[in-house]
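Here's the structure, in C-alpha cells; my notes come after.
In my numbering, the protein residues as written are 6 to 77.
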C-alpha cells in the first residue's frame with residue numbers, strides 16, 4: 006500500500022500525517038463532533054498534475070474502448 010493511503014492515514018494521528026501540507030483539518034467543538042477539510046494553497050498546486058492524470062485516464066479509456074470495438 007501507498008504510505009499515504011486511507012488505511013495508513015487512519016492509523017496515524019493528523020499531526021503525523023504527510024497530508025497536512027496538502028489538506029487543512031478544522032475540528033469544531035460541537036456535539037456531535039464535526040470536522041471539515043480544506044485544500045491548502047500547496048494542495049491546489051497539484052491541480053495541473055491531477056488534471057493531466059484525469060485527461061490521460063480518459064484518453065486511455067477511449068483507446069481501450071476503441072480497441073475492444075475493433076476486435077469485434
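Backbone N, C-alpha and C fix where the C-beta goes; we use that ideal spot for every residue, glycine too.
Judged by DSSP in its simplified three-state form, residue 54 adopts helix.
In the displayed model, residue 29 falls within a strand according to three-state DSSP.
In the same chain as residue 29, and ignoring 5 residues on each side of it, the C-beta atoms closer than 6 angstroms to its own belong to 43, 45, in chain order. Cβ-Cβ distances below 8 angstroms link residue 47 to 26, 27 in the same chain, with the five nearest sequence neighbours on each side left out; the list follows chain order.
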